Structures are given as C-alpha cells and as structure tokens.
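Heads up: the structure comes next, in structure tokens.
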Amino acid sequence: MAPRCQSVQYGITQPLNYPGRPIVNTSPQHYTIPDLALPSGDLWVFGYGSVMWRPGFAHLERRAGRVHGYHRSLCVWSWFHRGTQENPGLVLGLDVGGSCHGIAYRIAAADKAAVADYLYRRELVTDGYQAILHQVYFADRSVTALAFRANRRHPQYAGKLAHDEAADTVRRAQGASGANPEYVASTVQQLQAMGIVDRALHQINALVRGE
C-alpha cells in the first residue's frame, strides 16, 4: 500500500519559455535547495522520464546518452504530479544498479542557475528524489550532468513492485500534471522513438492499456 504524504504545502512557479507543451510546475513554498555545486560553464541535465519528452527549459543541445550505476524504475510514489495523497500514482526514478539510456541537454552557462532552480522546484516537490551529479556517456565522450535519483530512505520509495500491481496503480491515478497512464505511455513512446526497449516499463504500459 502506498504511504501518504504527511504535510506538504505547494506553490506555483512558471517554467522558462519553451516551445513545447506547457508544464504544470508546482513546488513546496519552502523547498530545500540541494547542497550541490554545479559545474562551471554550461550545464548538462540528464532526463530519463518526463524530462525526455517535456523538458520545460531552453537548451543548446540535446543528445542521447547513458548513465551507469543506475537504472530507470517505476519506483517512486507520486503524491502530486501524477497522483494525490489519497490516490498515489507511480513515477520513474533512477534506482541503484545497471544502466539507463536517456537524453542529455546542454544548458547555456547564463541560464543554468535558473534552469537548475526550475528543475529543483519541479522534481523536489518532496524529498522523494535526490539531486546528483553523474557521468553521462555519449558515443564519443562523457560529461558530468545534473540528474535526479530515487531517495530510498523516503516514504515515497516504492521499490520494485510486481508489474500487475504497478499497472493497477498507474491506471487509476491522476495528479496536477495529468493522468498517470499518459506519463507512462509518453515515456514508452519516447524510448521507442530512440530505439530503446525498457522491457519492464513496456510490459507495465501494455498492462495499463489492457493489452
């Protein structure tokens, strides 16, 4: 059974101008800024879920990349964006082990503070995620990028659920950013467009769709 959020107050912040679909970006009124020193120069951001298909920020470059030491997992209870306190959804997190294909974005140095702040407000609605700096590997080189991993010590950490349990949760959940099934389906579509098969996520998406 999904745990409930104890006490979180939300405010509204506007995303940077981006020519994609608008994002409902909500955050705690007093969110904690991570104790993370961003690299000098341009900032790279690694996306593995909704940031792949709805980044919400302007960027100079977009490249397929891979991180090692973490894998993509539907392992975070969503109390706000794709669910509620009473009816939590499930969203993706970077969980320990394996590797993960995703998309890395290069942000201009002049914009990185604003983009990082936007992402903190978007991703750190609670402490269900932890902001980290991690190596992202391209075919020709690697870069250090900002990413968000699942916080295994937080009540929102769902762990590895059976596919049918995950699908049942996703099927009935909706939050401020939209329906949970849309979130999963959009991520699967993006991965397919990149030629990537995430077997667990594809199977859960098929169960949600009744296939």
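Convert by adding 272 to the 1-based position in the sequence shown; the result is the number in our numbering. Just so you know, even glycine gets a beta-carbon here, dropped at the ideal spot from N, CA and C. No experiment lies behind these values; they were computed from the predicted model shown.
For residue i, count neighbouring Cβ atoms within 10 angstroms of its own Cβ and tell me buried if that reaches 16, exposed if not.
i    : result
S299 : Bear in mind that a pLDDT of 45 at S299, under 50, signals an unreliable position, so the number given afterwards is only what the model happens to contain. S299 is buried by the Cβ-count criterion.
S449 : buried
Q461 : exposed
M324 : buried
I295 : Summary for I295: the model assigns pLDDT 39, below 50, so the residue's position carries little reliability, and this model does not support an answer.
Q464 : exposed
R354 : buried
F410 : exposed
E395 : buried
E483 : exposed
R425 : exposed
D470 : buried
Taking the alpha carbon of residue i as the point to measure from, which residue in the options has its own alpha carbon closest?
i    : options                   : result
G467 : G400, G337, Y342 and T356 : G337
L366 : R326, N359 and G431       : G431
S350 : I379, H340, A380 and T398 : T398
L308 : G400, D389, E437 and G482 : D389
R326 : V442, A386 and T459       : T459
I404 : L433, Q357, D436 and G341 : G341
R421 : R335, A330 and S345       : S345
V339 : V408, H474 and Y320       : V408
Mind reading off the beta-carbon distance from residue i to residue j? Whole number of angstroms is fine, and I expect it under 8 Å.
i    : j    : result
L479 : A439 : 4 Å
G369 : H343 : 6 Å
L364 : V348 : 7 Å
Q457 : N359 : According to the sequence as given, residue 457 is Ala; it is not Gln. Not really, about 19 Å apart at Cβ, beyond 8 Å.
Look up residue i in the DSSP assignment and give the residues it is bridged to.
i    : result
D367 : H343
H373 : R338
R421 : L366 and Q402
L315 : I379
W349 : L362
V415 : V408
Q446 : A451
When every heavy atom of the ligand ATP is checked, does at least one fall within less than 7 Å of the C-beta of residue i?
i    : result
H340 : No copy of the ligand ATP appears in this structure; indeed no ligand is present at all.
Mind the definition here: the segment 408 to 425 touches the segment 312 to 320 only if three or more C-beta pairs lie below 8 Å; say whether that holds.
-> Yes, since at least three Cβ pairs between the segment 408 to 425 and the segment 312 to 320 fall closer than 8 Å, the two stretches touch.
Given 8 Å, three or more beta-carbon pairs between the segment 374 to 390 and the segment 452 to 460 = Contact fails: fewer than three Cβ-Cβ distances are below 8 Å.
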